[in-house]
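Have a look at the structure below before the remarks.
Number of protein chains: 6
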Amino acid sequence: MGAPFDAGTQWRAGARMGPRGIREASTLFSFGHAGAYDFEDDVTYLDPANVRIVDIGDADIVHTDTLQSHANIEAGVRKIRAAGALPVVLGGDHSVNIPCINAFDDHGEIHLVQIDAHLDFVDERHGVRFGHGNPMRRAAEKPYVTGLTQIGIRNVSSTAREGYADARAMGSDILSVRHVRQMGIPALLERIPAGKDYYLTIDIDGFDPSIAPGTGTPSHGGFLYYEMLEFVDGLARRGTVVGLDLVEVAPDYDPAGCTSILAAQFLLNAIGRIMHHRQART
Amino acid sequence: MGAPFDAGTQWRAGARMGPRGIREASTLFSFGHAGAYDFEDDVTYLDPANVRIVDIGDADIVHTDTLQSHANIEAGVRKIRAAGALPVVLGGDHSVNIPCINAFDDHGEIHLVQIDAHLDFVDERHGVRFGHGNPMRRAAEKPYVTGLTQIGIRNVSSTAREGYADARAMGSDILSVRHVRQMGIPALLERIPAGKDYYLTIDIDGFDPSIAPGTGTPSHGGFLYYEMLEFVDGLARRGTVVGLDLVEVAPDYDPAGCTSILAAQFLLNAIGRIMHHRQART
Amino acid sequence: MGAPFDAGTQWRAGARMGPRGIREASTLFSFGHAGAYDFEDDVTYLDPANVRIVDIGDADIVHTDTLQSHANIEAGVRKIRAAGALPVVLGGDHSVNIPCINAFDDHGEIHLVQIDAHLDFVDERHGVRFGHGNPMRRAAEKPYVTGLTQIGIRNVSSTAREGYADARAMGSDILSVRHVRQMGIPALLERIPAGKDYYLTIDIDGFDPSIAPGTGTPSHGGFLYYEMLEFVDGLARRGTVVGLDLVEVAPDYDPAGCTSILAAQFLLNAIGRIMHHRQART
Amino acid sequence: MGAPFDAGTQWRAGARMGPRGIREASTLFSFGHAGAYDFEDDVTYLDPANVRIVDIGDADIVHTDTLQSHANIEAGVRKIRAAGALPVVLGGDHSVNIPCINAFDDHGEIHLVQIDAHLDFVDERHGVRFGHGNPMRRAAEKPYVTGLTQIGIRNVSSTAREGYADARAMGSDILSVRHVRQMGIPALLERIPAGKDYYLTIDIDGFDPSIAPGTGTPSHGGFLYYEMLEFVDGLARRGTVVGLDLVEVAPDYDPAGCTSILAAQFLLNAIGRIMHHRQART
Amino acid sequence: MGAPFDAGTQWRAGARMGPRGIREASTLFSFGHAGAYDFEDDVTYLDPANVRIVDIGDADIVHTDTLQSHANIEAGVRKIRAAGALPVVLGGDHSVNIPCINAFDDHGEIHLVQIDAHLDFVDERHGVRFGHGNPMRRAAEKPYVTGLTQIGIRNVSSTAREGYADARAMGSDILSVRHVRQMGIPALLERIPAGKDYYLTIDIDGFDPSIAPGTGTPSHGGFLYYEMLEFVDGLARRGTVVGLDLVEVAPDYDPAGCTSILAAQFLLNAIGRIMHHRQART
Amino acid sequence: MGAPFDAGTQWRAGARMGPRGIREASTLFSFGHAGAYDFEDDVTYLDPANVRIVDIGDADIVHTDTLQSHANIEAGVRKIRAAGALPVVLGGDHSVNIPCINAFDDHGEIHLVQIDAHLDFVDERHGVRFGHGNPMRRAAEKPYVTGLTQIGIRNVSSTAREGYADARAMGSDILSVRHVRQMGIPALLERIPAGKDYYLTIDIDGFDPSIAPGTGTPSHGGFLYYEMLEFVDGLARRGTVVGLDLVEVAPDYDPAGCTSILAAQFLLNAIGRIMHHRQART
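Protein chains in written order, with the UniProt record's numbering: chain F, 1 to 282; chain C, 1 to 282; chain U, 1 to 282; chain B, 1 to 282; chain S, 1 to 282; chain X, 1 to 282.
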């Protein structure tokens with residue numbers, strides 16, 4: 001489902017075109033084979049016999065009205081969940097994560113995993129509580145969100161020193177790109193509680209601007225492709241990924257299309273691995 | 001004053017960067033002369049001895065909150081008026097015209113003149129009353145707005161047949177680009193009540209996409225540069241222009257910078273003529 | 001139907017992305033109204049009660065194989081015609097017109113009307129007979145094509161002096177942009193046989209590069225928007241438009257998206273008028 | 001000959017890549033015919049039997065050293081003239097016109113014709129006498145430049161009121177785009193002394209930004225393609241064009257390539273007509 | 001030699017402009033020194049006393065006719081070989097490798113080394129046997145191609161599981177980017193038979209999209225610059241590189257020019273090392 | 001202070017817009033906090049209580065006159081130094097380093113540290129002594145420049161073998177990216193004399209084109225973000241950084257804005273660390 005909403009951004013906008021860009025890029029990977037064969041793993045992911053991907057279109061966005069737009073996104077995620085499917089939401093800005101998490105209020109405990117350059121843990125500033133700097137704070141307030149792992153956080157963030165203290169107090173484990181590289185992916189996975197239900201939220205600016213220039217607030221020194229693919233593969237083995245969003249792709253700042261291609265390539269490979277390990281467990 | 005707000009747009013956004021783009025482009029015209037000499041008119045406009053242009057910066061925009069952002073813009077325009085200056089607002093999307101008009105509630109009668117491809121006369125749709133499709137309706141509801149002249153309107157608009165009927169019923173004179181060209185600028189001016197106070201709102205998409213590609217909803221078949229400069233010159237002779245906004249410049253869709261240059265060039269020349277004719281009358 | 005084929009181009013390619021670009025741009029004009037109201041004509045075109053537009057997707061293109069790709073396009077047009085609908089094909093390069101015309105071999109007499117900068121009347125050069133420089137010649141050879149009107153032709157063309165002689169000998173009336181402007185649209189319509197079935201082929205480079213930069217071989221001094229809209233309106237009154245293609249839109253050379261918007265805006269308005277006048281006659 | 005020098009520009013640079021851009025674009029017009037057939041005139045221009053175009057490459061530019069770079073350009077023009085050929089120089093910024101005119105000091109009387117948005121008649125400012133705002137002043141100082149016709153001049157120029165007075169005093173006839181349109185091309189030609197040797201200098205910003213966005217200082221409201229082609233055709237009939245430069249094409253601001261295409265298309269057609277009328281006279 | 005042919009591509013085209021882009025970029029490296037001094041190796045490569053680089057222009061491409069275009073490329077490579085020179089071909093899409101390999105049928109045994117994201121080992125699909133997904137299969141069928149090393153292969157390829165089995169059965173050693181990084185360049189070189197004649201084919205998408213965005217089908221997670229330069233240096237020491245192509249550079253998707261610069265920089269340094277080690281051996 | 005001068009460049013220009021681009025990008029990092037909190041170091045850099053950043057605007061550039069422009073830059077740096085502030089100059093091309101170093105003639109001994117792809121050690125070529133290939137040579141000639149460390153130097157440089165010999169003879173330590181990576185940042189720092197006053201000059205092309213495409217002469221295989229941030233942090237601990245310039249950012253080649261963002265992000269973090277360690281020492 002697309003959530004083409006970007007009224008939550010502070011600097012340059014354009015994430016509303018993200019779902020279009022990612023869908024367009026995804027056609028690069030639709031060669032019509034019987035699934036997606038990965039020779040490194042010797043596995044055919046997304047075998048049509050086992051997995052079916054359905055695009056239900058975009059949520060209705062009511063421009064000028066943040067809360068109504070969020071409510072419509074929430075309703076969409078609830079419908080996907082009711083159908084027994086894995087919700088995958090394409091932003092839009094990171095504020096669309098707020099209704100996504102809301103829609104899991106009847107699910108049971110969730111551990112939230114975030115890939116992002118920014119902490120997004122502002123409680124309120126200038127009256128804004130539902131913008132793209134707030135979603136992790138809103139999530140941490142939920143009783144059913146039992147913990148957070150926030151990786152890729154770096155540089156002068158939109159969050160001041162107090163924000164980090166608050167996040168840690170509310171159950172967050174915060175790690176920079178350099179932290180993750182120093183410890184390695186296996187050690188990183190060890191810090192995440194095993195056997196849980198995970199919700200994964202990916203801000204494309206968690207990746208390096210060299211491969212993801214097309215976003216509102218790029219921050220140098222980010223993750224590369226295989227680092228995060230191996231991380232998501234490990235996460236999908238460690239527990240159950242029950243929901244997923246990928247946000248802040250802004251095609252207007254992506255003249256060569258590489259950011260949309262990254263989003264499409266990463267999502268396809270991530271969904272393949274999530275479904276593969278889920279089936280392997282059953 | 002800049003009003004970098006674009007949460008009121010329906011299709012592609014980016015008008016929030018409009019004030020930056022126009023200011024940047026305006027440096028092309030700052031050669032440090034003693035005013036701006038136009039050899040065709042043999043007049044030095046914007047003579048520093050008579051006219052002073054002051055940029056008071058941007059209004060505070062609270063992303064996610066349309067009404068608060070509009071309130072801040074309104075406060076800015078009131079301050080400019082209180083200082084006895086001519087308010088010139090750079091959008092942002094066309095919804096910023098709503099607070100601009102609000103700020104004239106203690107002024108006396110105003111005739112509203114709009115240059116635009118779209119009628120912007122929607123009362124309410126999907127709950128939106130303060131988006132970029134509503135400003136002319138909101139203005140027409142004001143008791144102090146005694147009439148409207150809407151020029152450049154063309155193509156399949158965001159307004160259905162009823163919208164045109166409503167607009168005419170509420171005092172609007174609606175003319176397409178072809179209508180204006182057929183009658184000529186002098187005849188067009190004759191249709192506007194003389195000796196009034198005018199508020200001029202310019203949506204950059206009133207101009208042709210060949211010279212103004214950098215906007216959210218371009219519409220082919222628009223006005224050219226001198227047509228509108230001659231119109232504004234005539235308007236400034238016919239009465240008093242008391243306020244001015246120019247909206248919907250979106251630099252992200254303006255790779256060669258021509259739209260920002262058009263906005264800067266048009267505004268500078270328009271302000272020069274407005275001030276010149278005002279002084280000529282006194 | 002899209003025909004995303006561009007192996008027929010000589011200079012810069014990219015028209016294969018034309019159907020994607022035009023479809024994307026067409027969403028700008030989908031406001032969900034009950035038809036498209038044009039206040040200048042006071043007509044609601046494309047009233048859903050009378051007209052239904054269906055996109056049957058793209059024809060299968062077999063890269064490396066021009067003839068097979070053309071055959072697939074031809075099959076698509078035949079299916080649309082068999083369904084009683086008006087075929088509208090989005091190129092791709094101008095060579096896709098060849099299979100479109102082929103698919104009318106059981107139709108009866110057709111007069112071909114072309115809007116283009118180039119004559120496209122080369123018989124064979126370097127072994128190429130089905131490239132984007134040949135379609136008008138291929139069409140003129142058909143017994144059921146009883147005449148051609150080629151407008152917008154200008155500048156040093158891909159066709160030498162002999163090509164013009166051949167075209168005239170085979171029944172073509174060739175007019176430049178300046179010829180058309182000098183005589184006016186009504187006189188131009190008078191040169192076209194009345195009451196006939198017309199096939200209309202539009203190369204986007206017939207329009208001026210100022211509004212259609214996104215094409216392989218732009219040529220300065222072309223038509224503007226309303227000139228051609230009024231021409232197509234007149235043509236649809238003068239006889240029956242039985243088929244339509246619009247080719248050579250290359251989104252890679254269209255950074256602001258104006259060419260795709262022109263194509264979408266022109267097609268929507270042209271189809272509206274074609275269907276309106278057809279119903280008016282019945 | 002290319003003169004890829006742009007150290008004379010005040011605002012955005014990049015004209016140094018102009019010769020590359022124009023040469024690249026010129027390949028669009030090299031279809032390998034026996035000359036360039038224009039069906040409107042029924043003439044084959046640039047017939048290889050009569051005309052040979054030779055590109056002698058770029059003049060050596062010594063970055064950091066304006067005077068030495070100019071000297072190298074001057075030497076190149078002298079060599080072309082010594083070979084009995086028509087010198088055609090591709091800028092580079094407009095300052096390259098200075099050495100071009102210098103190279104005609106042994107030629108006899110010349111009437112200078114300029115197509116430009118700006119008067120370029122500054123004597124000296126901040127120590128600059130050989131920048132892109134000075135060439136027409138430098139030319140007017142030459143004893144062998146017996147007059148100037150400057151067309152297209154418009155808007156707030158880089159030249160103050162005094163500059164216009166000086167220019168007129170030194171023999172210049174200054175006309176804006178609107179002046180030229182009002183009088184028409186034939187009347188414009190009448191104002192130019194007949195039967196003279198003309199040097200033609202074309203700043204691409206004399207054309208409208210809609211077709212020539214790729215330049216350092218675009219100015220809205222400029223000339224269109226056929227207006228100027230008909231003017232140059234008339235000039236070539238009225239006397240002898242003995243030299244020609246086209247400057248200020250900046251490919252970096254020309255994302256769709258239309259400005260380079262305009263330059264190449266205009267030059268090719270202009271040279272064709274200049275040589276054709278010259279031969280017609282002999 | 002340039003081979004500006006891209007009718008073999010499936011997704012976005014534009015590789016036909018590759019030779020132009022690479023030649024243009026190569027001027028960045030032409031400082032006119034006596035050879036190219038590399039201070040890390042303390043070697044002057046491409047010393048004009050020993051090495052001469054000659055550009056013989058582009059092969060004639062007959063648009064619409066894949067086989068004829070391929071035949072013309074093959075003829076060009078045969079001529080270069082007949083002159084005793086090292087053939088270096090600039091694509092165009094990867095299908096141009098097919099005629100390059102054909103042109104070595106009288107050479108003796110060759111080991112093929114491919115740097116690419118995709119296996120390109122499809123036998124036939126939808127009737128396509130000579131497109132950009134087929135060249136390695138076509139090469140492996142040659143009796144004189146005695147083995148293949150395919151490196152950089154990754155992600156969901158255009159080749160299904162069977163393709164990998166076929167390739168291995170026909171003598172191919174397939175390694176991903178992660179495989180190569182894990183073993184290191186020296187170990188990779190050990191897997192290639194020593195003392196052989198190598199033909200090296202480089203698809204620019206073997207490199208990472210961060211440095212090579214300008215290509216039709218980018219795939220994240222590719223090689224970086226020095227990894228491959230060290231590999232080619234080692235290969236040139238291990239045996240004799242007898243031919244070389246670099247394909248799929250698409251300047252239209254390369255807005256900053258970095259992909260063309262990568263191609264030019266890599267080729268110049270690779271040719272320098274190939275010639276240097278060849279001379280060192282004799 | 002900005003130094004928007006680029007007449008010293010040899011290939012593509014545009015660095016004159018560098019100061020504008022970097023200032024624009026710097027607004028991404030101005031969230032209005034009380035300083036810039038870095039959670040990895042648990043330090044609030046640029047605490048307004050201790051550090052004040054003042055932008056004194058651009059130096060006056062006299063186009064066409066290199067020496068006068070340099071003199072104006074030199075005067076600006078002298079004024080900043082006289083005010084007791086740390087001079088930070090934004091280029092412009094690398095030639096602006098020449099007047100920066102000149103302005104330290106009354107300072108005492110300086111060790112010059114350069115991050116760059118090119119050696120910039122040409123004495124004179126074609127008469128150019130003050131272009132962007134000469135600054136390190138000019139600096140080395142100063143009696144108060146007691147040594148140089150030049151890192152990131154790579155590829156076929158603009159300097160021939162002799163240049164390297166000269167540089168080493170004049171006290172320079174030259175290291176490539178691979179050299180630096182092999183030894184590590186701590187070992188690199190050990191090679192720089194401790195406890196000295198350092199002047200740091202950063203050519204943005206010292207960074208990799210993947211993160212810094214927007215520059216005139218990109219060279220593949222450069223530094224990444226954290227490598228250099230850690231180096232500057234170490235340098236600021238090892239001695240006193242007394243001056244700083246960052247040059248060759250060319251926004252026209254930076255369509256996604258990442259190069260300007262890199263420059264702004266790097267400068268802000270570097271200045272923060274320089275001031276922090278300076279205060280820690282006092």
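Ideal Cβ positions, reconstructed from N, Cα and C, are used throughout, including at glycine. If you're wondering where the values come from, they're calculated on a predicted model, not measured in any experiment.
Under three-state DSSP, which class holds S26 of chain F? In the first sequence, the residue the question calls residue 26 of chain F occupies position 26. Note: S26 of chain F maps to helix in three-state DSSP.
What does DSSP give as the partner residues of A36 of chain S in its beta bridges? The residue you call residue 36 of chain S lines up with position 36 of the fifth sequence. Bridge partners of A36 of chain S according to DSSP: S:Y45.
Cβ separation of H63 of chain B and G131 of chain X, assumed to be a contact under 8 Å, to the nearest whole Å: One-based indexing of the fourth sequence puts residue 63 of chain B at position 63. One-based indexing of the sixth sequence puts residue 131 of chain X at position 131. About 5 Å separates the beta carbon of H63 of chain B from that of G131 of chain X, a gap short enough to meet the 8 Å contact definition.
Among X:G216, X:V128, X:V43 and X:L90, whose alpha-carbon lies nearest the alpha-carbon of L67 of chain X? Locating residue 67 of chain X in the sixth sequence gives position 67, counting from the first residue. For L67 of chain X, the nearest C-alpha among the options comes from X:V128.
Given that a residue counts as buried once 16 or more other Cβ atoms are within 10 Å of its Cβ, and exposed if not, what is E56 of chain F? By one-based count along the first sequence, residue 56 of chain F stands at place 56. A small correction: the amino acid at residue 56 of chain F is Ile; Glu does not occupy that position in the sequence shown. With fewer than 16 other Cβ atoms from the protein chains shown falling within 10 Å of its own Cβ, I56 of chain F counts as exposed.
Just the Cα atoms here: how many angstroms apart are S260 of chain B and M136 of chain U? Mapped onto the fourth sequence, residue 260 of chain B falls at position 260. Mapped onto the third sequence, residue 136 of chain U falls at position 136. Spanning the two alpha carbons is a distance of roughly 29 Å.
Return the CA-CA distance between I80 of chain F and Y225 of chain F, expressed in angstroms with no decimal places. On the first sequence, residue 80 of chain F is found 80 positions in, with the first residue counted as 1. On the first sequence, residue 225 of chain F is found 225 positions in, with the first residue counted as 1. If I take the Cα positions, the gap works out to 28 Å.
Residues that D203 of chain F contacts on chain C, provided the C-beta gap is smaller than 7 Å: Your numbering for residue 203 of chain F matches position 203 in the first sequence. Those do not exist, as D203 of chain F stays about 16 Å from chain C at its closest Cβ, beyond 7 Å.
Could you pull the DSSP bridge partners for F207 of chain C from this structure? Position 207 of the second sequence, counting from 1, holds the residue named residue 207 of chain C. Here F207 of chain C is bridged, per DSSP, to C:F223.
What's the C-alpha gap between L175 of chain X and Q279 of chain S? In the sixth sequence, residue 175 of chain X corresponds to position 175, counting from 1. In the fifth sequence, residue 279 of chain S corresponds to position 279, counting from 1. The alpha-carbon atoms of L175 of chain X and Q279 of chain S are separated by roughly 28 Å.
Within this structure, are the beta carbons of L185 of chain B and E227 of chain B separated by less than 8 Å? Locating residue 185 of chain B in the fourth sequence gives position 185, counting from the first residue. Locating residue 227 of chain B in the fourth sequence gives position 227, counting from the first residue. Note that residue 185 of chain B corresponds to Ile in the displayed sequence, not to Leu. Less than 8 Å divides the Cβ of I185 of chain B from the Cβ of E227 of chain B.
Assign D105 of chain F to buried or exposed, taking buried as 16 or more other Cβ atoms, counted over all protein chains shown, within 10 Å of its Cβ. Walking along the first sequence from the start, residue 105 of chain F turns up at place 105. D105 of chain F sits exposed, since fewer than 16 C-beta atoms from the chains shown fall within 10 Å of its C-beta.
Please list the residues of the region 205–216 of chain U that have a C-beta atom closer than 8 Å to any C-beta atom in chain C, keeping them in chain order. Against chain C - using a Cβ distance shorter than 8 Å - the residues of the region 205–216 of chain U are D208, S210 and I211.
Please list the partners that A36 of chain B has in chain U, where partner means a Cβ-to-Cβ separation under 8 Å. By one-based count along the fourth sequence, residue 36 of chain B stands at place 36. Close to A36 of chain B, with beta-carbon spacing below 8 Å, are these residues of chain U in chain order: V156.
Threshold first: 3 residues or longer. Then list the beta strand (DSSP E) segments lying entirely within the region 46–120 of chain F, N to C. Unbroken beta strand (DSSP E) stretches of 3 residues or longer found wholly inside the region 46–120 of chain F: 88–91 and 110–115, given in chain order.
Check whether G147 of chain B and H111 of chain B have beta carbons under 8 Å apart: On the fourth sequence, residue 147 of chain B is found 147 positions in, with the first residue counted as 1. On the fourth sequence, residue 111 of chain B is found 111 positions in, with the first residue counted as 1. In this structure, G147 of chain B lies near H111 of chain B, with their beta-carbon atoms less than 8 Å apart.
Using a beta-carbon distance below 8 Å, is A117 of chain S in contact with chain F? To locate residue 117 of chain S, count along the fifth sequence from 1; it is residue 117. It does not; no Cβ of chain F falls within 8 Å.
How should V145 of chain C be labelled, buried or exposed, when 16 other C-beta atoms within 10 angstroms of its C-beta is the threshold for buried? Here residue 145 of chain C is taken as the residue at index 145 of the second sequence, counted from 1. Result: buried.
Select from X:Q265, X:E40 and X:D47 the residue whose C-alpha is nearest the C-alpha of G22 of chain X. Here the question's residue 22 of chain X lines up with position 22 in the sixth sequence. In the sequence as presented, Gly is not what sits at residue 22 of chain X; that position holds Ile. Among X:Q265, X:E40 and X:D47, the Cα nearest to that of I22 of chain X is on X:Q265.
Mind checking if Q68 of chain U is an interface residue toward chain S, Cβ cutoff 8 Å exclusive? The residue you call residue 68 of chain U lines up with position 68 of the third sequence. Yes, its Cβ sits closer than 8 Å to a Cβ of chain S.
Q182 of chain X: buried (16+ other C-beta within 10 angstroms of its C-beta) or exposed? Position 182 of the sixth sequence, counting from 1, holds the residue named residue 182 of chain X. Burial check for Q182 of chain X: the Cβ neighbour count within 10 Å stays below 16, so the residue is exposed.
Rounded straight-line distance, which links the Cα of I192 of chain S to that of R154 of chain S: Sequence index remark: in the fifth sequence, residue 154 of chain S carries index 154 (1-based). Sequence index remark: in the fifth sequence, residue 192 of chain S carries index 192 (1-based). Roughly 20 Å between the two C-alpha positions.
Could you tell me whether any Cβ in chain C is nearer than 8 Å to the Cβ of Q279 of chain U? By one-based count along the third sequence, residue 279 of chain U stands at place 279. No, because no Cβ of chain C sits closer than 8 Å to the Cβ of Q279 of chain U.
Indicate whether the contact test is met: 3 or more Cβ pairs, each with one atom in the region 198–208 of chain S and one in the region 240–259 of chain S, closer than 8 Å. Yes: the two stretches touch, three or more of their Cβ pairs being nearer than 8 Å.
Report the CB separation of G35 of chain C from T44 of chain C in whole angstroms; it is logged as a contact under 8 Å. Residue mapping note: residue 35 of chain C aligns to position 35 of the second sequence, counting from 1. Residue mapping note: residue 44 of chain C aligns to position 44 of the second sequence, counting from 1. Contact holds; Cβ gap of about 4 Å.
Residues that DSSP places opposite I271 of chain F in a beta bridge: In the first sequence, the residue the question calls residue 271 of chain F occupies position 271. Its beta-bridge partners do not exist; DSSP assigns none.
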